[in-house]
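Please read the structure below before turning to the comments.
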Amino acid sequence: MPRPVKLTRNALLSTKLPAWRSRLLLGLMAGCFLALGVRAFWLQVWSNDFLQRQGASRYERNLEIPAIRGKIVDRTGAMLASSLPAKAIWADPDDVIATPEQKFKLARLLGMERRELDRKLAEDKNYVYLKRQVESEVAGRVAALKIPGIHQRNEYKRHYPEGETVAHVVGFTNVEDVGQEGFELSQQQRLAGKPGSRRVIKDNLGRIIEQIGSGREPQDGADLALSIDTRIQFLAHNALRDAVREHRAKAGAAVVLDVRTGEVLALSNWPTYDPNNRKVLTGAQLRNRAITDIYEPGSTMKPFSVAMALENGKVKPSTIIDTAPGKLTIGTATIGDAHAYGALTVEQILQKSSNVGTVKMALQLPPQRMWEGLTAVGFGQPPQLGFPGAVAGRVKPHKTWKPIEQATMSYGHGISVSLVQIARAYSVFARDGDLMPLTMLRQDEPVVGVPVFKPETAQAVRKMLEMAAGPQGTAPLAQIPGYRVAGKTGTTHKLENGAYANRYIASFVGFAPASRPRVIVAVMVDEPSAGQHYGGQVAAPAFARITGETLRALRVPPDAPFATLIHPVDPVRESL
Amino acid sequence: MAKLNVLLMTILLTCSLLLVTSQHRARKGFIDLERAQATARRHEVEWKQLQLEQTRLAKHSLIDAAARRDLKMQPVTPERTLYINATPPAAGSKTLAR
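As given, the protein sequences belong to chains A and B, one line each in that order. Residue 1 is where the first sequence starts when you use my numbering, and the numbers rise one by one after that. Residue 1001 is where the second sequence starts when you use my numbering, and the numbers rise one by one after that.
Below, the structure is given as C-alpha cells:
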C-alpha cells in the first residue's frame, strides 16, 4: 500500500544529514567544557598557592618596624647618648626638575655648597644621598620645596648631649647606627635591639587598610646605665684639661674610682673630641689613654714593693735601712737617688721615694714571690671592664728575671701598666688589703674584693702614703684642705725605641679621705714641657683639685682640721 | 515556593549589607588605631627630644659657665666654709672648724 503523502511534504526540503556531524559537534562541545574544567581545576586547585601569593604580593606589604637604639645614661640618669628620628635625603638625579631658586634653597637647607649639590645631582646613578641624618625639622622644610626626584628615608641620629666630656667612655656610632668606639661598640648587641615586622594590606593610594596576622613587635635596645657620674666627670675633665694646658703637655688621663663599689666614677682623657661633630678626628683624640695605653708607672709602684716586704715579714715600718751613699750597684748597673739620705726608716723611704731603699727591700724577696704579688694586684692582666681594648700591661715571667730587673721593677721601671690598672691596684691600700673588681656599669651594692695583703700591712702602707702626700713627702701639693690625703707620685722617662728619652710622664695615684677612703684618683700627664716634669709638681695639683671637688660633690664629711696647707718652697725631689 | 525565594533573597541582601558595613567599620577602626599609634610614637619621640634638651640645658659646663661668667659666682672653698659637727659636745658649745 502506498504511503500517504502529506501535503507539506516536499522532497526538496528534506535533507539527509549524516549522523556523525551532530555527534562531532557534541563531542567538540564536551571537549571544550572538559578543557574549561581542567583549566579551572588547574587554577583553583593545582596552582592555587602560587596564584594566591602572586595576588597577595600585589596588595600586601611587609613593613619593617625599626627598633630604637637604647639610651646610655650616667649613674644619676642623665642622658649621655640617645637616638632621635632623622631623615636621609636622597635624589634620583634623572628625575630631578628644579629651578635654580629651588636648588639654591635646597643647598642652603642642607648646608651644602651649591657646586657640591650640582655635582651630586649630576652623578650617573639613580640613588644618590644628598645628606644623611638630617633633623626632622629641616627635612620638613626640604619636603615643602616639593622638588620632584628628591626623596626622604627614615633613619635615626644619635645625639651626645655631654659632648667631649664623656666622649671616650660612651664612644659613638656611624651613620648606620652601629657602634664604632667605647660602650657604643662593646655593648652593640644590647643597645641595638631587634627590628620587628608586620604584614599589611595597602589600598591603591598606598594607605594601610588592614593588618594580617599579629606581626612581630620590635624589641627596642636596652638602656645602659654607666657608673660614670657626669658631675665628677666634668670636674675631672676640667682639671685634666687645665693641667695639660698649663704644663704644655701632649696628653693626659685621669680616673676616679669609688672605693666601696669598684665603680669608675670618671674616666677622662685629653685630647678629646666632640662625638656630635666628627669631621676631623685624629688618632690621638680618639685614644682612650687611661685604658688602652701602657706606661712605666715609676715610683707609684713603690708602695707595692714595700707592702710585699712587709707582708712577707722582711721589714717592719720602723726598720731602718741605710740608703747611703744614695747609690747602689747591681751587676754593671747603678741605681741612684735624687738626694743621698743616709739611714731611713721604711716609712721614710716611701715618703721620700728613695729608689735605693726600695730596691734593698725588694731584693730580699724571691722573684717568684714578687711576681705573684704583682700579679695578685692585677698587673699583667687586662681589667674586666667590659670595654674594648683594655690592655693587660707587661710583667715579665719571673723565671727570666735578672737581679737588676727585679730591682728596677720594684720602683716601677721595666714593667708597664695602664692608668686604670694602677688606680685599681691602689684599692688594696684603700680597702684594708683586698683588691676590688672594677666596673663601668652602675652598681649600687658594695663589692667584695679578693684579699691580697693583711689589713695591718694595708694600714701601714696607707699611713706611709699619707706621709708621702704630706709636707715632708714628695707631693705636698696633693694636699686638700679639710681632708687627709694618701698617695704617691711617679715620674718616669718615656721609653722610645727601647731607650729612655728626655721626655717624661708625670703621674699621681692616691685616695682620700685617708681615715676612711672613699675615692681613688689617678692622674697621668704625658710629656709636660713647661719646665716642670715631676709628678709632685704636675700631676699632684690636678689630683688635689679633682679629689677635693669630688669629695665635696659626694658630700664626704671632712676628716681633717682646716689648717692652712703647708707647701714647702722646695719639696722633696723624686728619684728617677 | 516563590515566598521562600523572596525570604531567602531578603536574608541574603541583609547579610551582604551587614558584611559591607562591618568591613567598613573595621577599616575605620583600624585607621583610628593606626593614627593613635602614630600619635603615641610621635609623643615618645617628643618626650625623648625633651629629655635630650633637658640634659643639654642642664649640662654642667653650661651651668658652670653661667654661674661664673653671668652670675659672678665663685666655687665654695673649704677656707670660706663653716663646718658644724653633727654630734655637739657635752658642753653644748658647737665646735667650728675653720
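From the three backbone atoms N, C-alpha and C, an ideal C-beta is built for every residue, glycine too. Every value quoted in this text rests on a predicted model; they were computed, and no experiment measured them.
Would you kindly report the start and end of the unbroken alpha helix (DSSP H) that includes Ile404 of chain A?
From DSSP, the alpha helix (DSSP H) with Ile404 of chain A extends over Pro403 to Ser410.
Taking DSSP's pairing of strands, which residues face Lys202 of chain A in a bridge?
For Lys202 of chain A, which the question treats as bridged, DSSP gives the partners A:Ile208.
Should Tyr127 of chain A go down as buried or exposed, given a rule of 16 or more other Cβ atoms within 10 Å for buried?
That one is exposed.
Does chain A have any CB closer than 8 angstroms to the CB of Ser1022 of chain B?
With 8 angstroms as the cut-off, Ser1022 of chain B does not count as an interface residue toward chain A.
Closest by CA to Gly193 of chain A, which one among A:Ser57, A:Ala501, A:Ala324 and A:Gly70?
Among A:Ser57, A:Ala501, A:Ala324 and A:Gly70, the Cα nearest to that of Gly193 of chain A is on A:Gly70.
Could you tell me which chain A residues have their CB closer than 8 angstroms to the CB of Arg1027 of chain B, listed as they occur along the chain?
Under the 8 angstroms cutoff, chain A gives Ile209 and Glu210.
Please name the residues in the region 1028-1050 of chain B whose beta-carbon is closer than 8 angstroms to at least one beta-carbon of chain A, in chain order.
Residues passing the 8 angstroms Cβ filter: Phe1030, Ile1031, Glu1034, Val1045, Lys1048 and Gln1049.
So, under 8 angstroms CB-CB, Tyr341 of chain A and Lys327 of chain A are touching, yes? Tell me the CB distance rounded to an integer number of Å.
About 12 angstroms; that fails the 8 angstroms criterion.
Under 8 angstroms between the Cβ atoms of Leu110 of chain A and Lys131 of chain A?
In contact: Leu110 of chain A and Lys131 of chain A (Cβ atoms closer than 8 angstroms).
Is Val509 of chain A near Lys494 of chain A, with beta carbons less than 8 angstroms apart?
No, the Cβ-Cβ distance between Val509 of chain A and Lys494 of chain A is not below 8 angstroms.
Would you mind stating whether Ala542 of chain A and Val523 of chain A have Cβ atoms separated by less than 8 angstroms?
Yes, the pair counts as a contact, with Cβ atoms nearer than the cut-off.
Enumerated in chain order, which unbroken segments of the alpha helix (DSSP H) with a length of 4 residues or greater are wholly contained in the region 244-297 of chain A?
List check, alpha helix (DSSP H) in window: 283-286 and 289-292.
Applying the criterion that 16 or more other CB atoms from any shown protein chain within 10 Å of the CB defines a buried residue, is Ala1002 of chain B buried or exposed?
Its Cβ having fewer than 16 others within 10 Å, Ala1002 of chain B is exposed.
With 16 as the cutoff for other CB atoms within 10 Å, does Leu63 of chain A come out buried or exposed?
By the 10 Å Cβ count, Leu63 of chain A comes out exposed.
Decide if Ser1022 of chain B is buried, meaning its Cβ has at least 16 other Cβ atoms within 10 Å, or exposed.
Exposed, by the Cβ-count rule.
For the beta strand (DSSP E) that contains Trp90 of chain A, what are its first and last residues?
Where Trp90 of chain A is concerned, the enclosing beta strand (DSSP E) stretches over Met79 to Ala91.
Roughly how many angstroms lie between the CA atoms of Pro93 of chain A and Pro100 of chain A, to the nearest whole one?
So the alpha carbons of these two residues sit roughly 15 angstroms apart.
With a threshold of 16 other CB atoms inside 10 Å of the CB of Phe379 of chain A, please say whether the residue is buried or exposed.
By the 10 Å Cβ count, Phe379 of chain A comes out buried.
Along chain A, in chain order, which residues have C-beta atoms closer than 7 angstroms to that of Thr1055 of chain B?
Near Thr1055 of chain B (Cβ distances below 7 angstroms), the residues of chain A are Ala78, Met79 and Pro161.
May I have the straight-line CA-CA distance separating Glu574 of chain A from Thr272 of chain A, to the nearest angstrom?
For Glu574 of chain A and Thr272 of chain A, the distance between alpha carbons rounds to 30 angstroms.
What ranges does the alpha helix (DSSP H) occupy inside the region 287-371 of chain A, keeping only unbroken runs of at least 4 residues that lie completely in it?
Those alpha helix (DSSP H) runs which fall completely within the region 287-371 of chain A and span 4+ residues are 289-292, 302-311, 346-352 and 355-362.
CB-CB under 7 angstroms to Gln285 of chain A, same chain, minus the five flanking residues each way: which ones, in chain order?
The answer, listed in chain order, is Pro271, Thr272 and Tyr273.
Under 6 angstroms Cβ to Cβ from Arg1098 of chain B, same chain only, skipping five residues before and after it: list those, please.
Any reading at Arg1098 of chain B needs caution, since the residue's pLDDT is 39, under 50, leaving its predicted position unreliable; the model's value is listed next. Excluding residues within five positions, none has a Cβ falling inside 6 angstroms.
Looking at Val572 of chain A and Val452 of chain A, is the spacing between their C-beta atoms short of 8 angstroms?
Cβ distance not < 8 angstroms, so Val452 of chain A and Val572 of chain A don't count as in contact.
Does the contact criterion of 3 or more C-beta pairs under 8 angstroms hold for the region 468-477 of chain A versus the region 443-460 of chain A?
Touching, no, given that fewer than three Cβ pairs across the two stretches are closer than 8 angstroms.
Within this structure, are the beta carbons of Val170 of chain A and Leu80 of chain A separated by less than 8 angstroms?
Yes, the Cβ-Cβ distance between Val170 of chain A and Leu80 of chain A is below 8 angstroms.
Examine chain B for any beta-carbon lying closer than 8 angstroms to the beta-carbon of Ser82 of chain A, and answer yes or no.
Closer than 8 angstroms to some Cβ of chain B, the Cβ of Ser82 of chain A qualifies, so yes.
Where do the N-terminal and C-terminal ends of the beta strand (DSSP E) with Tyr156 of chain A fall, by residue?
Start and end: Ile150 to His159.
Determine the extent of the alpha helix (DSSP H) in which Val948 of chain B is found, giving its start and end residues.
Residue 948 of chain B lies beyond the residue range present for chain B, which begins at 1001 and ends at 1098; the question has no answer from this structure.
Considering Phe41 of chain A, what are the terminal residues of the alpha helix (DSSP H) in which it resides?
Segment Ala19 to Phe41, the alpha helix (DSSP H) holding Phe41 of chain A.
So the beta strand (DSSP E) Ile65 of chain A belongs to, where does it begin and stop?
Here the beta strand (DSSP E) through Ile65 of chain A covers Glu60 to Ile65.
Taking the alpha-carbon positions, what's the Leu224 of chain A to Arg158 of chain A distance?
Looking at the two C-alpha atoms, the distance is approximately 15 angstroms.
Under a CB-based cut-off of 8 angstroms, is Phe172 of chain A close to chain B?
No, Phe172 of chain A lies away from the interface with chain B (no Cβ there is under 8 angstroms from its Cβ).
If contact means a Cβ-Cβ distance below 9 angstroms, which residues of the region 209-242 of chain A contact chain B?
Those residues of the region 209-242 of chain A that come within reach of chain B (Cβ to Cβ, closer than 9 angstroms) are Ile209, Glu210, Gln211, Thr230, Arg231, Gln233, Phe234, Leu235, His237 and Asn238.
Could you check whether the region 420-438 of chain A touches the region 313-325 of chain A, counting it as contact only if at least three pairs of C-beta atoms, one from each stretch, sit closer than 8 angstroms?
At 8 angstroms Cβ cutoff, the stretches do not touch.
Please tell me whether Ser1016 of chain B has its Cβ less than 8 angstroms away from any Cβ of chain A.
Output row for Ser1016 of chain B: interface = no.
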